[in-house]
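S.K.: Numbering (the working numbering), first residue to last: 49 to 518. Here a beta-carbon is modelled for each residue, glycine too, at the ideal position from N, C-alpha and C.
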Ligand SMILES: [Zn+2]
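#1: Cutting at 6 Å between CB atoms, please list the residues of its own chain near residue 518, excluding the five before and the five after it.
#2: In the DSSP assignment, what are the bridge partners of residue 523?
#3: What's the call for residue 78, buried or exposed, on a 16-neighbour Cβ count within 10 Å?
#4: For residue 175, does the three-state DSSP call read helix, strand or coil?
#5: Tell me, to the nearest whole angstrom, how far the beta carbon of residue 316 is from that of residue 350; I am working on the premise that it is less than 8 Å.
#6: Quick check on residue 455: buried or exposed, where buried means 16 or more other Cβ atoms within 10 Å of its Cβ?
#7: Quick one: is the Cβ of residue 236 within less than 7 Å of any heavy atom of ligand 1?
#8: When burial is assigned at 16 or more other CB atoms within 10 Å of the CB, is residue 446 buried or exposed?
#9: With ligand 1 as the reference, list in chain order each residue whose Cβ lies under 7 Å from any of its heavy atoms.
#10: Would you give the residue range spanned by the beta strand (DSSP E) that residue 97 belongs to?
#11: Using 8 Å as the Cβ pair cut-off and three pairs as the minimum, do the region 208 to 224 and the region 124 to 137 touch?
#12: Going by DSSP, what residues sit across from residue 322 in a beta bridge?
#13: Can you name the start and end residues of the alpha helix (DSSP H) that residue 296 belongs to?
#14: Are the CB atoms of residue 85 and residue 109 nearer to each other than 8 Å?
#15: Identify every residue that forms a DSSP beta bridge with residue 279.
#16: Pull up the distance between the alpha-carbon of residue 247 and that of residue 283, whole angstroms please.
#17: From residue 545 to residue 260, what distance separates their C-alpha atoms?
#18: Between the region 386 to 400 and the region 369 to 376, do at least 3 Cβ pairs fall closer than 8 Å?
#19: Taking its Cβ as the centre, do 16 or more other Cβ atoms sit within 10 Å of residue 118, making it buried, or is it exposed?
#20: Return yes when the Cβ of residue 249 is within less than 8 Å of the Cβ of residue 443, no when it is not.
#21: Quick check on residue 440: buried or exposed, where buried means 16 or more other Cβ atoms within 10 Å of its Cβ?
#22: For the structure I just gave you, are there three or more beta carbon pairs, one from the region 161 to 177 and one from the region 487 to 501, closer than 8 Å?
#23: Give the DSSP-derived three-state secondary structure of residue 518 in the structure shown.
#24: Using only CA atoms, which one of 145, 94 and 208 lies nearest to residue 168?
#25: Taking the CB atoms as reference points, tell me whether residue 241 and residue 365 lie closer together than 8 Å.
#26: Work out the CA separation of residue 83 and residue 173 for me, nearest whole Å.
#27: Measuring only the C-alpha atoms, how far is residue 393 from residue 479?
#28: In whole angstroms, give me the CA-to-CA distance for residue 468 and residue 131.
#29: Compute the distance between the beta-carbons of residue 385 and residue 291, then report whether it is under 8 Å.
#30: Taking DSSP's pairing of strands, which residues face residue 118 in a bridge?
#31: How about residue 132: is its C-beta nearer than 8 Å to some C-beta of chain D?
#32: Looking at C-alpha atoms only, which residue of 274, 452 and 122 is the closest neighbour of residue 399?
#33: Starting from residue 267 and walking both ways along the beta strand (DSSP E), at which residues does that stretch end?
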């Protein structure tokens, strides 16, 4: 709020100088901003599982209209409701600061696993409980409530930039019903100069010698996804009592084992080495030396790296077996066909063709064929320029001590569509998340602390101030 009033005073001062008019009260008169916890609770109560986003979208869009934002509904279907809500109409053509959030949530799982019913939005113990509370409804609430105090200011002062909440569908199912449509069909209309979406968060316990210091990972890059299948090529089938040397299920199983057992090469992405270098300043001894020169030491700690799933996901191309099937038959019948599917995640610098060559070499002793089911084009990392620094400094306004480091996101999210289109996109939930809270994402008892909501709103408010001053 401190920063909000700073910008307002600045703009009002500017108006006084240029027009000689009386300044009027900066605080929107008579318009009550929604209470963050109440709003998050109501929003969580609308079960917007992917494919059923419309009701939640209409709820949020309605609220935006009520508070004077300019709403543009891009697509309006039960499974693809996408809208922006902006300080100025999009046809003002102002360069747009876009806060992106997704409307959809993953299914809640068995209700018995929850302390409070998953779509109750219960407020208890200083938290809002329910599916989507963290992913991604808290973020949407923070972003919206940071924008609303600017509505009146924007109406009276010609601010240099527009600010939009962009709410999209289908993030959890790959973004085809949401962010992809926006980028492919409405990018020019939205006119984003920067996008702030989801990605990293603030975590404690990362630094060995200063565990209480929160470290915020501000997402600038992400791995990309490659779905691969291998299928048996041998025609052999027949009776299970006389197995041949090569038959479909055996070939696929052996090739699969070879793939899963292959030791992945350790690659230190620039994003990872930079983050570790920054973190090393808060470390001592051997840890400090290793973190400072991870490009040198990393490959020497191969076993350690590969045995830690989280570290391995940041330093290697990973391969997970996600499906293994064969033709159904009698138990004594050798199936004529078998197939395995792998979810591969590639580091940003990995060349896909070379990766596929590598896979082909590993499975070459076996009678199998490989095919790419789906691959995403690489998205360039967003640079750590003014938009990165604006978020970094805004975090410091609220979390003074925190360390902010660039972050490589190991899954995929909607930011990639914008990065591919050349729009800088940064991924961060501006909240300090305990391990317990992190574990509740996509699981039981998802919940978000109310005080973290307030802090997040302050971060986004501060961010708007900083960007407007550019
Ligand atoms: Zn999410």
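M.R.: Here's the rundown:
#1: Here residue 518 corresponds to residue number 470 of the chain shown, with the count starting at 1. Closer than 6 Å at the Cβ level, and outside the excluded window around residue 518, lies no residue.
#2: Only positions 49 to 518 of the chain appear in the structure, and residue 523 is not among them; the question remains open.
#3: Against the chain shown, residue 78 aligns to sequence position 30. Note that residue 78 scores a pLDDT of 47, beneath 50, so its modelled location is shaky; the value from the coordinates is reported in the next line. Exposure of residue 78 is indicated by the presence of fewer than 16 other C-beta atoms within 10 angstroms of its C-beta.
#4: As a first step, residue 175 is located in the chain shown; it is residue number 127 there, counting from the start. Correct three-state label for residue 175: strand.
#5: Against the chain shown, residue 316 aligns to sequence position 268. Against the chain shown, residue 350 aligns to sequence position 302. That pair is no contact at about 13 Å.
#6: Along the chain shown, one-based indexing puts residue 455 at 407. Residue 455 is buried by the Cβ-count criterion.
#7: Here the question's residue 236 lines up with position 188 in the chain shown. No.
#8: The residue given as residue 446 occupies position 398 in the chain shown. Flag for residue 446 reads buried.
#9: 150, 183, 184, 219, 220, 246 and 461
#10: Reading the chain shown from its first residue, position 49 is the one you call residue 97. Premise fails: residue 97 is in no beta strand (DSSP E) and is neither H nor E.
#11: yes
#12: Here residue 322 is taken as the residue at index 274 of the chain shown, counted from 1. Its beta-bridge partners do not exist; DSSP assigns none.
#13: In the chain shown, residue 296 corresponds to position 248, counting from 1. Where residue 296 is concerned, the enclosing alpha helix (DSSP H) stretches over 296 to 309.
#14: Within the chain shown, the letter at position 37 stands for residue 85. Within the chain shown, the letter at position 61 stands for residue 109. The answer is no: Cβ separation not under 8 Å.
#15: Residue 279 sits at position 231 when you count from the first residue of the chain shown. Answer is 387 and 417.
#16: One-based indexing of the chain shown puts residue 247 at position 199. One-based indexing of the chain shown puts residue 283 at position 235. In a straight line, the C-alpha of residue 247 is about 46 Å away from that of residue 283.
#17: For the chain, the structure presents residues 49 to 518; residue 545 sits outside this window and is missing.
#18: yes
#19: Taking the first residue of the chain shown as position 1, residue 118 is located at position 70. So residue 118 counts as buried.
#20: Start at 1 with the first residue of the chain shown, and residue 443 comes out as number 395. Start at 1 with the first residue of the chain shown, and residue 249 comes out as number 201. Their beta carbons are not under 8 Å apart, which means residue 443 does not touch residue 249 by this criterion.
#21: For the purposes of this step, residue 440 is identified with residue 392 of the chain shown, where counting begins at 1. Residue 440 should be labelled buried.
#22: yes
#23: As a working mapping, residue 518 is identified with position 470 in the chain shown. Residue state, collapsed to three classes: coil.
#24: Residue mapping note: residue 168 aligns to position 120 of the chain shown, counting from 1. Among 145, 94 and 208, the Cα nearest to that of residue 168 is on 94.
#25: By 1-based counting over the chain shown, the position of residue 241 is 193. By 1-based counting over the chain shown, the position of residue 365 is 317. No, they are not a contact pair.
#26: Along the chain shown, read from residue 1 onward, the residue named residue 173 stands at position 125. Along the chain shown, read from residue 1 onward, the residue named residue 83 stands at position 35. Each residue's alpha carbon lies about 17 Å from the other.
#27: Looking up residue 393 in the chain shown gives position 345. Looking up residue 479 in the chain shown gives position 431. Each residue's Cα considered, the two are about 27 Å apart.
#28: For the purposes of this step, residue 468 is identified with residue 420 of the chain shown, where counting begins at 1. For the purposes of this step, residue 131 is identified with residue 83 of the chain shown, where counting begins at 1. So the alpha carbons of these two residues sit roughly 21 Å apart.
#29: Taking the chain shown and counting its residues from 1, one reaches residue 385 at position 337. Taking the chain shown and counting its residues from 1, one reaches residue 291 at position 243. No; because the gap between Cβ atoms is not below 8 Å, this pair is not in contact.
#30: Along the chain shown, one-based indexing puts residue 118 at 70. Its beta-bridge partners are 134.
#31: Absence of chain D from the displayed structure is noted, only one protein chain being present.
#32: Taking the chain shown and counting its residues from 1, one reaches residue 399 at position 351. The option with the nearest alpha carbon to residue 399 is 274.
#33: The sequence position of residue 267 within the chain shown is 219, counting from 1. 263 to 270 is the span of the beta strand (DSSP E), which, as asked, contains residue 267.
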